[in-house]
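Report on one structure; see the data block that follows.
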Amino acid sequence: MLNRVILRCSLRKCYSIELKETIGQQKHQIRFRFDSIASKYKQKSSRSSLKSKSKIESIDNEPYYVKDFDFESSNVSDRFEASKLLKKSYRQDSVDFSRTFSQRNHQNALFDDDADDDEIKYHRRSRNFRSKNRKIISKNEDFRNSRHFHQSDRKFSKKLKPLPYEINAENRFEILQSIMMPLYPIPYGQQIKIKSIRSKNILQSFGEKLKNLNQSIRFNSHHLPCPLEPLRPSPSIDSYRNKDEFSVWPGFDDNPKTVGFFVGKPSANDRVICVEPDKIIISKQSHLDLAKKFQNYLREVSPYDVCQNYGLGGHWRRFHVRSNLRNEHMVTAIMHPQDLNETELAEEMKRFRSYFVDNSLISSLYFHTSRHTRSTHTNEPYFHLAGNETITESLFDRNFIISPSSFFQINTTAAEILYRVIMTEMKLTKRTTVLDLCCGTGVLSVLVADQVRKVIGIDSSRSAIEDAKRNADLNSVKNANFIVGTIEEELPKLLQENYLKEPVIAVVNPSRQGLHPSVIDVLKRISYIERLVYVSCKPEGDAMRNFVQLCQRSKQCATSFWPINAIPVDMFPQTEHCELIITFERFG
Numbered sequence: 001m002l003n004r005v006i007l008r009c010s011l012r013k014c015y016s017i018e019l020k021e022t023i024g025q026q027k028h029q030i031r032f033r034f035d036s037i038a039s040k041y042k043q044k045s046s047r048s049s050l051k052s053k054s055k056i057e058s059i060d061n062e063p064y065y066v067k068d069f070d071f072e073s074s075n076v077s078d079r080f081e082a083s084k085l086l087k088k089s090y091r092q093d094s095v096d097f098s099r100t101f102s103q104r105n106h107q108n109a110l111f112d113d114d115a116d117d118d119e120i121k122y123h124r125r126s127r128n129f130r131s132k133n134r135k136i137i138s139k140n141e142d143f144r145n146s147r148h149f150h151q152s153d154r155k156f157s158k159k160l161k162p163l164p165y166e167i168n169a170e171n172r173f174e175i176l177q178s179i180m181m182p183l184y185p186i187p188y189g190q191q192i193k194i195k196s197i198r199s200k201n202i203l204q205s206f207g208e209k210l211k212n213l214n215q216s217i218r219f220n221s222h223h224l225p226c227p228l229e230p231l232r233p234s235p236s237i238d239s240y241r242n243k244d245e246f247s248v249w250p251g252f253d254d255n256p257k258t259v260g261f262f263v264g265k266p267s268a269n270d271r272v273i274c275v276e277p278d279k280i281i282i283s284k285q286s287h288l289d290l291a292k293k294f295q296n297y298l299r300e301v302s303p304y305d306v307c308q309n310y311g312l313g314g315h316w317r318r319f320h321v322r323s324n325l326r327n328e329h330m331v332t333a334i335m336h337p338q339d340l341n342e343t344e345l346a347e348e349m350k351r352f353r354s355y356f357v358d359n360s361l362i363s364s365l366y367f368h369t370s371r372h373t374r375s376t377h378t379n380e381p382y383f384h385l386a387g388n389e390t391i392t393e394s395l396f397d398r399n400f401i402i403s404p405s406s407f408f409q410i411n412t413t414a415a416e417i418l419y420r421v422i423m424t425e426m427k428l429t430k431r432t433t434v435l436d437l438c439c440g441t442g443v444l445s446v447l448v449a450d451q452v453r454k455v456i457g458i459d460s461s462r463s464a465i466e467d468a469k470r471n472a473d474l475n476s477v478k479n480a481n482f483i484v485g486t487i488e489e490e491l492p493k494l495l496q497e498n499y500l501k502e503p504v505i506a507v508v509n510p511s512r513q514g515l516h517p518s519v520i521d522v523l524k525r526i527s528y529i530e531r532l533v534y535v536s537c538k539p540e541g542d543a544m545r546n547f548v549q550l551c552q553r554s555k556q557c558a559t560s561f562w563p564i565n566a567i568p569v570d571m572f573p574q575t576e577h578c579e580l581i582i583t584f585e586r587f588g
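Heads up: the sequence shown begins at 1 in UniProt numbering, then just goes up one per residue.
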C-alpha cells in the first residue's frame with residue numbers, strides 16, 4: 001500500500017520524488033531524480049499533461065503513478081502549480097503528500113523583498129516550506145497519531161499556540177483595537193512621552209553596543225551617543241491611513257467571507273479570526289465603507305470562496321483601498337485564479353465592475369489575480385476596470401503618481417514633517433550629490449532635486465523605479481537618475497565610472513529588515529560620502545545592527561561613521577511604532 005509521497009524541489013530543474021509504501025511489516029522507500037528520468041516518463045506537452053499518468057516501476061515491480069508536469073520549466077510558479085495538482089491527486093487517494101523546497105527558493109523566487117514577515121511565515125507553513133530541506137508531513141491530526149507519523153517528523157513539526165482570545169460578537173471590535181491600536185486608550189500627549197522615552201532607550205542601547213568598539217567614545221550628559229531632539233508629532237491622529245489592506249477570512253461566526261483584519265497569526269496560532277474594521281479609527285471611514293461593500297459583494301454576488309490555503313483551493317484573498325487628500329480612491333480586489341479559465345475570470349471581473357463602478361468614492365478600479373504571496377504587477381498583471389489608471393498625491397507642491405503597487409508613506413500629513421526633517425539633516429548645497437538608497441518611488445529624490453547638483457536613486461524593485469521616473473517627469477526633474485539593482489552592486493559601478501564626486505550625502509530608508517552588511521561595507525569604503533541619514537521604521541530591530549556596523553572600523557576601511565543627531569517622528573499615532581532618523585558623519 002502506497003502511503004506517503006515526498007516531492008523535493010529546488011530553483012533549478014533538479015527534482016526528486018520519494019515514494020514510501022508498507023508491504024506487510026516491511027517499509028520500502030524509493031527515490032527518483034526527475035532530471036534523470038524526465039525524458040523517459042514525461043510527455044512533452046503543455047501543462048494539460050497534468051491530467052495524464054505515467055508509470056514508474058518500483059523495486060518490487062509494483063506500479064506507482066506520478067502525474068506529469070513540466071519538469072524543465074524555467075518558470076518557478078508553473079512548477080509550483082504543477083506540484084499542487086500532484087498533491088491534490090494523492091490526497092484524493094488518501095495518500096499523504098508533502099513538498100520540501102530549499103530555503104533559497106522561497107526567499108528569492110516566491111517572495112518580494114518587501115514581503116510582510118507574518119505573511120511569509122504563514123505561507124511557508126501553509127505551502128509546506130521548511131528551510132534546510134527538512135521534511136514536513138500532513139497537518140491532519142489522524143495522520144499525526146498514526147504509526148506513519150515518525151518521530152523525525154514530529155521534531156520539525158511546529159506546534160501552534162491556541163488563540164489567546166475568546167472572541168464573540170460583543171468583544172471582537174475591542175480585541176481588534178487592542179491589537180491594531182494598543183495606545184488608543186492613552187491621550188495623544190501621553191503617547192508622545194511614551195514614544196520619546198522609547199527612542200531614548202533605543203539610543204542608550206545603541207551607545208552600550210558602541211562601548212564594545214575599540215574607538216574613542218563620546219557620550220553626552222544624558223549618556224547618549226548623540227543628541228536626541230524632541231519627537232515630532234503627527235498633525236493627524238485618526239483617519240490618517242491612506243492605504244488599507246483588508247484580508248478575506250472566516251469571521252467569529254465562521255462566515256468564510258468576512259473582510260477585515262486578523263486576530264491571531266496564521267504562523268503562530270491554531271485559529272485565526274477575521275474581524276470587521278468598523279472601530280479602527282486610524283483608517284478613513286471611506287475605506288471602511290468600501291470594505292463593507294466588498295464584503296456584501298462576496299456574500300451576495302460572487303460565487304467563489306475564500307482562499308485560506310493556496311494548495312486547498314478557494315479564490316478571494318485581499319481587498320486594497322488607497323486614497324489621497326482629495327478623497328479620490330483606488331480599489332483593488334485580489335484573488336487566486338486557481339484553475340479558473342479566462343472566460344470565468346472575465347465574468348467575475350464584469351460582476352465586480354458592475355457592483356462598484358457607480359460608487360462616487362472610487363476614482364480607479366482594479367482587479368488582480370495572483371498566485372504569489374505578494375501581489376505586484378511584476379509577477380502577474382493588474383486589470384484596470386474603470387476610472388483613472390492612477391491617483392495623484394501632493395507633497396510640498398510636488399505631485400506624485402500612485403499606482404496599485406506603489407509605495408507611499410501611510411500618513412500623508414506626517415510624511416511632510418518626515419521629509420522636512422530629512423532634508424534639514426542632509427545640509428544640502430548646490431554642489432551636493434545625493435544618493436537616495438532604497439529610493440522607492442523617488443519621493444525624496446524629487447523633493448531635493450532643485451537644491452542639489454544631482455540625485456541618484458537606487459532600488460531593487462523595477463516597478464518602484466518605473467514609478468520614480470514617472471514622478472521625476474511629472475515634476476520636470478532633469479538631474480535625477482534612477483537605477484534598478486542592489487546597492488552593493490550598483491554603487492561600485494558608479495564609483496568606477498567616476499559618477500560620484502564629493503561632496504556626497506547618502507540617505508537610506510530600508511525596510512524593517514535593514515541593510516545587508518555588505519551594503520554597509522560599501523558605504524564605508526566610498527570616502528566621498530561625508531554624511532549619511534538613516535531612516536528606520538523599526539530602529540530596535542535589525543537596523544540597530546546597521547547602526548553599529550556603520551561605526552565599526554575594519555582593515556578594508558580605516559574610517560567609519562559616527563552618530564551626530566537623532567530625531568523621532570511619529571508617523572503612526574495610536575500604535576507603538578515610531579520612525580527614528582539618525583544622522584551620521586564620516587569619522588576618523
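Cβ coordinates follow ideal geometry from the N, Cα and C atoms, glycine included.
Can you tell me whether K524 is buried or exposed, with buried defined as 16 or more other CB within 10 angstroms of its CB?
-> Taking the sequence shown and counting its residues from 1, one reaches residue 524 at position 524. With 16 or more other Cβ atoms within 10 Å, it is buried.
With distances taken from CA atoms, which of S236, D238, G207, N212 is nearest H223?
-> As a working mapping, residue 223 is identified with position 223 in the sequence shown. When only C-alpha atoms are compared, the closest one is G207.
When the Cβ atoms of the region 505-518 are set against those of the region 438-457, are three or more pairs found closer than 8 Å?
-> Enough Cβ pairs lie closer than 8 Å, so yes.
Spell out the partners DSSP gives P164 in its beta bridges.
-> As a first step, residue 164 is located in the sequence shown; it is residue number 164 there, counting from the start. Bridge pairing for P164: absent [DSSP].
Give, in chain order, every unbroken run of the beta strand (DSSP E) that is at least 3 residues long and sits entirely within the region 477-543.
-> When DSSP assignments are scanned along the region 477-543, the uninterrupted stretches of beta strand (DSSP E) that are 3 or more residues long and fall wholly within it turn out to be 480-484, 504-508, 529-536.
Backbone CA spacing between I197 and F246 [nearest angstrom] = Here residue 197 refers to the residue found at position 197 of the sequence shown. Here residue 246 refers to the residue found at position 246 of the sequence shown. If you take the alpha carbons of I197 and F246, they lie about 32 Å apart.
Going straight from the alpha carbon of D467 to that of V321, what length do you get?
-> Reading the sequence shown from its first residue, position 467 is the one you call residue 467. Reading the sequence shown from its first residue, position 321 is the one you call residue 321. A direct Cα-Cα distance of roughly 19 Å separates D467 from V321.
Proximity winner among L500, P250, C578, relative to P230 (alpha-carbon distances) | Start at 1 with the first residue of the sequence shown, and residue 230 comes out as number 230. Selected option, being the one with the closest Cα: C578.
In terms of residue numbering, what span does the beta strand (DSSP E) encompassing A386 cover?
-> The residue given as residue 386 occupies position 386 in the sequence shown. Note, A386: beta strand (DSSP E), 382-387.
Taking only runs that begin and end inside the region 265-319, name each unbroken alpha helix (DSSP H) of 4 or more residues, in chain order.
-> Counting whole runs of 4 or more residues, the region 265-319 contains the alpha helix (DSSP H) stretches 285-300.
Relative to the C-alpha of D278, which residue among F261, D270, V272, K265 is closest?
-> Walking along the sequence shown from the start, residue 278 turns up at place 278. Ranked by how close their Cα comes to the Cα of D278, the residues F261, D270, V272, K265 have F261 in first place.
Who pairs with D244 in a beta bridge, going by DSSP?
-> Here residue 244 corresponds to residue number 244 of the sequence shown, with the count starting at 1. Partner(s): V321.
Spell out the partners DSSP gives I456 in its beta bridges.
-> As a position in the sequence shown, residue 456 is number 456, starting the count at 1. Answer is L435, N481, bridged to I456.
Sequence-distant residues of the same chain with beta carbon closer than 8 Å to D113, five excluded per side | Within the sequence shown, numbered from 1, the residue matching residue 113 stands at position 113. Residue confidence is low: D113 scores 48 on pLDDT, short of 50, so the model does not pin down where it sits. No coordinate-derived value is stated.
Would DSSP call M349 helix, strand or coil?
-> Within the sequence shown, numbered from 1, the residue matching residue 349 stands at position 349. Look at M349 here: in three-state DSSP terms it is helix.
For N171, which of helix, strand or coil comes out of DSSP?
-> Locating residue 171 in the sequence shown gives position 171, where the first residue counts as 1. DSSP, read as helix, strand or coil, puts N171 in coil.
Under a Cβ-count criterion, where at least 16 other Cβ atoms within 10 Å of its own Cβ denotes burial, should L312 be classed as buried or exposed?
-> To locate residue 312, count along the sequence shown from 1; it is residue 312. By the neighbour-count rule (16 or more Cβ atoms within 10 Å), L312 is not buried but exposed.
Among the residues of its own chain, which have a CB less than 8 Å from the CB of H315, if the five just before and after it don't count?
-> In the sequence shown, counting from the first residue as 1, residue 315 sits at position 315. So the list reads Y304, D305, V306, C307, M335, H336, P337, Q338, L340, once near-sequence residues are dropped.
Backbone CA spacing between T583 and V548 [nearest angstrom] | Indexing the sequence shown from 1 puts residue 583 at position 583. Indexing the sequence shown from 1 puts residue 548 at position 548. Straight-line Cα distance between these residues: approximately 13 Å.
Rounded to whole angstroms, how far is the Cβ of L361 from the Cβ of N269, which I believe are closer than 8 Å?
-> Sequence index remark: in the sequence shown, residue 361 carries index 361 (1-based). Sequence index remark: in the sequence shown, residue 269 carries index 269 (1-based). With 8 Å as the limit, L361 and N269 do not qualify as a contact, their Cβ atoms being about 34 Å apart.
From I202 to K193, what distance separates their C-alpha atoms?
-> If you number the sequence shown from 1, residue 202 lands on position 202. If you number the sequence shown from 1, residue 193 lands on position 193. If I take the Cα positions, the gap works out to 14 Å.
Considering only residues of the same chain and omitting the five flanking positions on each side of T433, which have a CB-CB separation below 6 Å?
-> To locate residue 433, count along the sequence shown from 1; it is residue 433. Excluding sequence neighbours, T433 sits near R453, K454, V504.
Looking at the unbroken alpha helix (DSSP H) that takes in I202, where does it start and where does it end?
-> If you number the sequence shown from 1, residue 202 lands on position 202. That run of the alpha helix (DSSP H) goes 188-210.
In this structure, does DSSP put R470 in helix, strand or coil?
-> For the purposes of this step, residue 470 is identified with residue 470 of the sequence shown, where counting begins at 1. Looking at R470 - three-state DSSP - the assignment turns out to be helix.
Might you give, ordered along the chain, the residues of its own chain that have their beta carbon closer than 6 Å to the beta carbon of Y382, omitting 5 neighbours on each side?
-> Translated into the one-based positions of the sequence shown, residue 382 becomes position 382. Answer for Y382: Y366, H368, P404, listed in chain order.
At which residues does the beta strand (DSSP E) containing T429 begin and terminate?
-> Position 429 of the sequence shown, counting from 1, holds the residue named residue 429. It is not in any beta strand (DSSP E) - T429 carries neither H nor E in the DSSP assignment.
Rounded C-beta distance between V522 and E497? I'm assuming under 8 Å.
-> Residue 522 sits at position 522 when you count from the first residue of the sequence shown. Residue 497 sits at position 497 when you count from the first residue of the sequence shown. Not really, about 15 Å apart at Cβ, beyond 8 Å.
Around the C-beta of F443, are 16 or more other C-beta atoms found within 10 angstroms, so that it is buried, or is it exposed?
-> Translated into positions along the sequence shown, residue 443 becomes position 443. Looking at the sequence shown, residue 443 is not Phe but Val. V443 counts as buried, since at least 16 other C-beta atoms from the protein chains shown sit within 10 angstroms of its C-beta.
The beta strand (DSSP E) with L365 in it runs from where to where?
-> On the sequence shown, residue 365 is found 365 positions in, with the first residue counted as 1. Per DSSP, the unbroken beta strand (DSSP E) holding L365 starts and ends at 362-369.
Taking the Cβ atom as the reference point for each residue, do V275 and L176 lie within a distance shorter than 8 Å?
-> By one-based count along the sequence shown, residue 275 stands at place 275. By one-based count along the sequence shown, residue 176 stands at place 176. Against a cut-off of 8 Å, the Cβ pair of L176 and V275 comes out as a contact.
Exposure label - residue 599; buried when at least 16 CB within 10 Å = The chain is shown from 1 up to 588; residue 599 falls before or after that span and cannot be answered.
Apart from the five residues on each side of it in sequence, which residues of its chain come closer than 8 Å, Cβ to Cβ, to D289?
-> Taking the sequence shown and counting its residues from 1, the one referred to as residue 289 is at position 289. Contacts found: L361.
Expressed to the nearest angstrom, what Euclidean distance is found between the alpha-carbon atoms of T258 and T413?
-> Numbered from its first residue, the sequence shown carries residue 258 at position 258. Numbered from its first residue, the sequence shown carries residue 413 at position 413. Between T258 and T413, the C-alpha separation is close to 31 Å.
Reference T424; option with closest CA among I458, S236, R531 | Looking up residue 424 in the sequence shown gives position 424. That would be R531, whose Cα lies nearest to the Cα of T424.
Candidates P182, E174, P266, of which the one nearest P573 by Cα = Numbered from 1 along the sequence shown, position 573 holds the residue referred to as residue 573. If we check each option's Cα against that of P573, P182 comes out closest.
Whose CA, out of R218, V263, G189, N220, lies closest to the CA of N168?
-> Residue 168 sits at position 168 when you count from the first residue of the sequence shown. Nearest in C-alpha terms to N168, of all of R218, V263, G189, N220, is V263.
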